[in-house]
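Since the structure comes first, as structure tokens, the remarks are kept for the end.
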Amino acid sequence: MKPAELDRLAQWYGISPTRPSPDGREVPISRETKRKILSALKVDLRAVVDHGRGKARREPKPAVEKIAMSYLPDFLSGTRIWGISLQLYELRSARNWGIGDFEDLVVMADLAGSLGADFVGLNPLHAPFLADPDRCSPYEPSSRQHLNPLYIAVDRLPGFILSRELERKLERLRRADLVDYAQVAEVKLQALRDLWPGWRVRSAVDKAYAPADFDAFVARGGDGLRRHALFECLSLSMVERGEGAGWQAWPADFQRADSPAVAEFERDHEDDVLFHMWLQWLAHRQMMQAAERALKAGMRIGLYLDLAVGEAVDGSATWSEPEVYISEATIGSPPDPFAVDGQDWHLAGYLPSRIASGKTSPFRRMVSAAMRYAGAIRIDHAPALRRLFLVPLGSSAAGGGYVRYPQDRLLQILAETSAEHRCLVIGEALGMIPEDLPDDLAAARILSYRILSYEQDEGGFKPADAYPVLALACISTHDHQTLAGWWRGSDIQDRREHGIVPTDLTEKHLEHRKRERRSLKAALRAAGLGLPQRLDARASREALRELTVSAYRFIARSPPLLVAVRLADLTDEKSPTNIPGTSDSYPNWKPKLSVSLEDLMSNPLVKRVTAAMREERPQNRMARERIGSRRILNR
Numbered sequence: 085m086k087p088a089e090l091d092r093l094a095q096w097y098g099i100s101p102t103r104p105s106p107d108g109r110e111v112p113i114s115r116e117t118k119r120k121i122l123s124a125l126k127v128d129l130r131a132v133v134d135h136g137r138g139k140a141r142r143e144p145k146p147a148v149e150k151i152a153m154s155y156l157p158d159f160l161s162g163t164r165i166w167g168i169s170l171q172l173y174e175l176r177s178a179r180n181w182g183i184g185d186f187e188d189l190v191v192m193a194d195l196a197g198s199l200g201a202d203f204v205g206l207n208p209l210h211a212p213f214l215a216d217p218d219r220c221s222p223y224e225p226s227s228r229q230h231l232n233p234l235y236i237a238v239d240r241l242p243g244f245i246l247s248r249e250l251e252r253k254l255e256r257l258r259r260a261d262l263v264d265y266a267q268v269a270e271v272k273l274q275a276l277r278d279l280w281p282g283w284r285v286r287s288a289v290d291k292a293y294a295p296a297d298f299d300a301f302v303a304r305g306g307d308g309l310r311r312h313a314l315f316e317c318l319s320l321s322m323v324e325r326g327e328g329a330g331w332q333a334w335p336a337d338f339q340r341a342d343s344p345a346v347a348e349f350e351r352d353h354e355d356d357v358l359f360h361m362w363l364q365w366l367a368h369r370q371m372m373q374a375a376e377r378a379l380k381a382g383m384r385i386g387l388y389l390d391l392a393v394g395e396a397v398d399g400s401a402t403w404s405e406p407e408v409y410i411s412e413a414t415i416g417s418p419p420d421p422f423a424v425d426g427q428d429w430h431l432a433g434y435l436p437s438r439i440a441s442g443k444t445s446p447f448r449r450m451v452s453a454a455m456r457y458a459g460a461i462r463i464d465h466a467p468a469l470r471r472l473f474l475v476p477l478g479s480s481a482a483g484g485g486y487v488r489y490p491q492d493r494l495l496q497i498l499a500e501t502s503a504e505h506r507c508l509v510i511g512e513a514l515g516m517i518p519e520d521l522p523d524d525l526a527a528a529r530i531l532s533y534r535i536l537s538y539e540q541d542e543g544g545f546k547p548a549d550a551y552p553v554l555a556l557a558c559i560s561t562h563d564h565q566t567l568a569g570w571w572r573g574s575d576i577q578d579r580r581e582h583g584i585v586p587t588d589l590t591e592k593h594l595e596h597r598k599r600e601r602r603s604l605k606a607a608l609r610a611a612g613l614g615l616p617q618r619l620d621a622r623a624s625r626e627a628l629r630e631l632t633v634s635a636y637r638f639i640a641r642s643p644p645l646l647v648a649v650r651l652a653d654l655t656d657e658k659s660p661t662n663i664p665g666t667s668d669s670y671p672n673w674k675p676k677l678s679v680s681l682e683d684l685m686s687n688p689l690v691k692r693v694t695a696a697m698r699e700e701r702p703q704n705r706m707a708r709e710r711i712g713s714r715r716i717l718n719r
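Listed below in structure tokens is the structure:
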């Protein structure tokens, strides 16, 4: 193929001719990159050459008369609300099994509702690899259309009896400062296996776990549920045989869900497949119970769920539906000042040509799977609604390129599904994004995601009144240190320690942090908020507590409709949830909170910050109860 033909074909399939560089320039991508991305998009270059570019496979762009708008609750036209965000697994309690679970979520919902919060924000609860529990990143799930069975509260199931031996194991798991996913999976799956044979008899009189409801759940789940359960069985079997949990490491006969070998395996393991469907049903039932409890606790939004931007390349989703996924490139990000080599997130993305196709498109099914439980969802990396940065297999991130997605159609699907489920939509769009994308998302009534440390311009930290109304504001997230850690520069030191940023850049970042601290103090004082006299990088714990309270008052006074209070900020966690760019060098997604659920209400910072939120964003209790009752009836 001639270079000019390749360039035209790349443009035809939405491949951007340039990508950003760390110094802010746009640099051309190579023709080899274009060729590899076209192949990843399943474009047959030989067929295109033989039959002409005009016959290239591409869905027509739908005519859009106006931008579709996502659901926004009526009550938000006259009030601003707040909620508490957390990682479900990080919760400690006297009864859980070494990992936060759905019963802990019920308790957290009651607690948050009593404090005046209107939502509880959670990490993605997507299905992981049960056969390889240490692959625990909630942002690299096996499937986004199913739930994580490790969050099942086994002790709340009919017929469960706690033995002394199990209690000793659970006590060790509870005491650990890191979630031991392998041990948690072992004890939970064994306990669930023990309950499985006689569960129908024990549950016959329990309305929450009625066998007829399970049968209906299986019927509704159809082939998608069956294939996910079949994948789980195969994955566990392959690990026992010394193969990997992911399908790419399996023998060739098992790498396709429609192969004769897989059909034979399913016939031989019919009961095991049904067991894994049962696990999904248990997770669904307990998740529904938590969602209903949140509304009964007076929260007007209830649960706020996070959606990962992609799925594991070798997980249940890509095995079950290989025809809708990109298979020769993974999602990442181009080089930038904080990751000078770029990033390869090793995630599979939907094909642009398939993501929105059909009445039950992959995108519609994925967002609906979360919205069924939630009053709000957050789309991680919302720029994916318009484009994704794809890294061809075998290439570095610098050898990747952007590919266009059908933004108008995806916004239409979000509008339709959010209206159906009465669920508002938040779009996280940070870093290098198209300049006009925030305007498009706002026009579609998708709330932007505003993190305090990102809200700066040439003059320093923006004043509170500069924040947009249609937004969620927060202090920090799972990819950031707590506010106290940010103040001390712990995030900068972490990046140096783990080799993410070279030493010379680290020094520049530390100097810049000094200016940021001065600027934040100025912004808080300009807002009339008090600060301790000695507030430098080595400030005392009490001084940093005062800073945290003032910072939350600052964003609570800002215009955004929603404010999220991160629980880790209130418990003053020293270990970050996740250090982006690390894998083996830091135990990402494993640190637990240092304070248990039972002790949260006596924690000084929890009391002070939540009191500040109630003062800055007061509520009408009667209105909360009326709205919550209506939403429960409408589920």
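Heads up, the sequence shown is in the numbering used here, so the first residue is 85 and it goes up one at a time. Note that beta-carbon positions come from the ideal geometry of N, C-alpha and C, so glycine has one too.
Whether M636 touches A555 by CB criterion (7 Å): Reading the sequence as shown, one finds Tyr at residue 636 and not Met. No.
- request: Evaluate the contact criterion for the stretch 341-352 versus the stretch 381-397: three or more CB pairs, one atom per stretch, below 8 Å.
  value: no
Among D653, I663, K676 and T666, the one whose alpha carbon lies nearest that of K691: D653
task: Return the chain-ordered ranges of every beta strand (DSSP E) run that is complete within the stretch 643-697 and spans a minimum of 3 residues.
output: 646-650
query: Which residues does DSSP pair with A423 in a beta bridge?
result: D420
- prompt: Three-state secondary structure (DSSP) at D290?
  reply: coil
- request: Quick one: measure Cβ to Cβ for E657 and L681, integer angstroms, because I've assumed they're closer than 8 Å.
  value: Not confirmed; about 15 Å, so no contact.
Under the three-state DSSP convention, the category C317 falls into: helix
message: Among I517, L431 and M322, whose alpha-carbon lies nearest the alpha-carbon of E412?
response: L431
task: Classify A345 as helix, strand or coil using the three-state DSSP reduction.
output: helix
- request: Could you check the C-alpha separation between T501 and V633 for me, to the nearest Å?
  value: 37 Å
- request: Consult DSSP for L125 and reduce its assignment to one of helix, strand or coil.
  value: coil
field: Sub-7 Å separation of G433 and L472 beta-carbons
entry: yes
field: Span of the alpha helix (DSSP H), counted from its first residue to its last, around F473
entry: From DSSP, F473 is part of no alpha helix (DSSP H) but of the beta strand (DSSP E) over R471 to P476.
message: Comparing C-alpha positions only, which one of A266, G543, A454 and L494 sits nearest to R754?
response: Residue 754 lies beyond the range of the chain shown here (85 to 719); nothing can be said about it.
message: I need the straight-line Cα distance from R377 to D390, nearest angstrom please.
response: 19 Å
message: Just to confirm the assignment, what range does the beta strand (DSSP E) spanning P112 have?
response: E110 to P112
- prompt: Curious, which full-length beta strand (DSSP E) runs of at least 3 residues does the stretch 216-279 contain?
  reply: 227-231
Alpha carbon of N672 to alpha carbon of K150, nearest angstrom: 42 Å
query: Where V238 and A94 are concerned, what is the direct C-alpha to C-alpha distance, given to the nearest angstrom?
result: 52 Å
message: Buried or exposed, going by whether 16 or more other CB atoms sit within 10 Å of the CB of T694?
response: buried
- request: Flag this pair as touching only if the stretch 114-132 and the stretch 401-417 have three or more C-beta atom pairs under 8 Å; answer yes or no.
  value: yes
- prompt: Among all the DSSP beta bridges, which residues are the ones paired with T501?
  reply: Its beta-bridge partners do not exist; DSSP assigns none.
- prompt: Tell me the DSSP bridge mates of N396?
  reply: Reading off the sequence shown, one finds Ala at residue 396, where the question assumed Asn. Its beta-bridge partners are L431.
- request: Tell me, to the nearest whole angstrom, how far the beta carbon of D188 is from that of L209; I am working on the premise that it is less than 8 Å.
  value: Going by Cβ atoms, the distance from D188 to L209 rounds to 13 Å, so no, they are not a contact pair.
message: Using 7 Å as the threshold, is the C-beta distance between Y533 and E512 below it?
response: yes
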